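To start, the structure under review is shown below, and the notes come after it.
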Amino acid sequence: MKIACIQVDIQYGKPEKNYEHIENKIREAVEQHHPDTIVLPELWDTGYDLTRLDEISDHNGVKAKQWLSSLSKELNINIVGGSIAYREEDLVYNTSLTYNRNGEQIGTYSKAHLITLMEEEKYISPGKNNTLFTIDGNLSTLSICYDIRFPEWIRAPFLNGAKILFVPAEWPIQRQSHWRALLIARAIENQCYVIACNRVGSDPKNTFAGQSLVIDPWGDIIAEGSVHDEEIITAEIFPELVDDVRVKVPVFNDRRTDLY
Ligand SMILES: NC(=O)CCC(=O)C(=O)O
Numbered sequence: 001m002k003i004a005c006i007q008v009d010i011q012y013g014k015p016e017k018n019y020e021h022i023e024n025k026i027r028e029a030v031e032q033h034h035p036d037t038i039v040l041p042e043l044w045d046t047g048y049d050l051t052r053l054d055e056i057s058d059h060n061g062v063k064a065k066q067w068l069s070s071l072s073k074e075l076n077i078n079i080v081g082g083s084i085a086y087r088e089e090d091l092v093y094n095t096s097l098t099y100n101r102n103g104e105q106i107g108t109y110s111k112a113h114l115i116t117l118m119e120e121e122k123y124i125s126p127g128k129n130n131t132l133f134t135i136d137g138n139l140s141t142l143s144i145c146y147d148i149r150f151p152e153w154i155r156a157p158f159l160n161g162a163k164i165l166f167v168p169a170e171w172p173i174q175r176q177s178h179w180r181a182l183l184i185a186r187a188i189e190n191q192c193y194v195i196a197c198n199r200v201g202s203d204p205k206n207t208f209a210g211q212s213l214v215i216d217p218w219g220d221i222i223a224e225g226s227v228h229d230e231e232i233i234t235a236e237i238f239p240e241l242v243d244d245v246r247v248k249v250p251v252f253n254d255r256r257t258d259l260y
């Protein structure tokens, strides 16, 4: 499966502009790299313009759903749609929607761990469920940005057979070393592919770290974005490698389920 992470800058609180820019980038990625699966960053529609979510969030995700469905079908690609500001009645969630090549929604997940450091919990409601979905035959899960600091949360879908972890993010540059280390650790401990798409650029409060990563189940980085520039990061992944690594180092069998 060929992956393309769309590492872009995001305009603060301007969904229309972001839709236009990201659609152009997706079309460019498809023309130049012929990916099977496209991955977008976190909150790519609004950015972290949290105080204006009443005005700019997507009611029931109607707009994003229509756009993701028609684009994935037209271009014959899977789209792991990063995340959007998704309004459900009076609450807003940081929600990811995944579509397959037929334009069908196959996955949804709302960020469970909200980052108090960025005051996310004041404006966004937390999700309660993790997710499992199948992309081109590969069982996958997804966590959003700050979630990667909580390995006990991420473990559950891997105990249920996941082989790939997708991570849309808006990770600031001041904690860049944590981004790399945490993603490599999640790949090694779960013996899975990690496909992490971060944004670049700045908003009024933060500068973001880019460095989108594709990491194999051995923990080796196989593709990496730059820190400052918009970029399409591509990699070919081989999910059968997950089984090889799990046989070589059988940590799933060696877990002490009598103790934890
Ligand atoms: N958008 C985020 O969740 C940022 C996470 C972060 O900055 C951190 O965990 O550190």
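Under UniProt numbering, think of the first position of the sequence shown as 1, with each following residue one higher.
Glycine residues also receive a C-beta, built at the ideal position from the N, C-alpha and C atoms.
In this text, all values refer to a predicted model and were calculated from it rather than measured experimentally.
Continuous alpha helix (DSSP H) stretch holding residue i: start and end
i           : result
residue 271 : The chain is shown only over 1 to 260; residue 271 falls outside these bounds and no answer can be derived.
Counted within 10 angstroms of its Cβ, other Cβ atoms place residue i as buried (16 or more) or exposed
i              : result
serine 72      : buried
leucine 259    : exposed
aspartate 254  : exposed
asparagine 102 : exposed
residue 261    : Because the chain here runs from 1 to 260, residue 261 falls outside it and cannot be looked at.
aspartate 45   : buried
Proximal residues to residue i (C-beta, below 7 Å), its chain only, five neighbours per side dropped
i             : result
tyrosine 119  : According to the sequence as given, residue 119 is glutamate; it is not tyrosine. Counting only Cβ-Cβ distances below 7 Å, and skipping sequence neighbours, we find Leu50.
glutamate 236 : Lys2
Same chain, Cβ closer than 8 Å to residue i, neighbours up to 5 away in sequence not counted
i              : result
leucine 43     : Ile10, Gly82, Ser83, Ile84, Ala85, Asn94, Glu170
glutamate 88   : Asn60
lysine 17      : Gln11
valine 247     : none
tryptophan 153 : Ala112, His113, Asn130, Ser143, Asp147
valine 249     : Gln191
Contact belief for residue i with residue j at Cβ below 8 Å, rounded distance in angstroms
i             : j              : result
proline 168   : asparagine 130 : Going by Cβ atoms, the distance from proline 168 to asparagine 130 rounds to 15 Å, so no, they are not a contact pair.
asparagine 78 : aspartate 36   : 6 Å
6 Å Cβ shell around residue i - same chain, five flanking residues per side excluded
i           : result
serine 110  : Tyr93, Thr95, Gly127
tyrosine 48 : Asp203
Beta strand (DSSP E) segment containing residue i, residue limits
i                 : result
isoleucine 233    : 231-236
tyrosine 93       : 91-99
valine 195        : Per the sequence shown, the amino acid found at residue 195 is isoleucine instead of valine. Run containing isoleucine 195: 193-197, per the beta strand (DSSP E) assignment.
isoleucine 84     : 84-88
phenylalanine 252 : Taken as a continuous stretch (DSSP letters only), phenylalanine 252 belongs to no beta strand (DSSP E), being part of the alpha helix (DSSP H) at 251-254.
- Message: Check whether the region 184-203 and the region 26-36 are in contact - that is, three or more C-beta pairs closer than 8 Å.
- Response: Put simply, the region 184-203 does not touch the region 26-36. Fewer than three CB pairs are less than 8 Å apart.
- Task: Indicate whether the contact test is met: 3 or more Cβ pairs, each with one atom in the region 172-189 and one in the region 14-33, closer than 8 Å.
- Result: Not touching, per the Cβ criterion.
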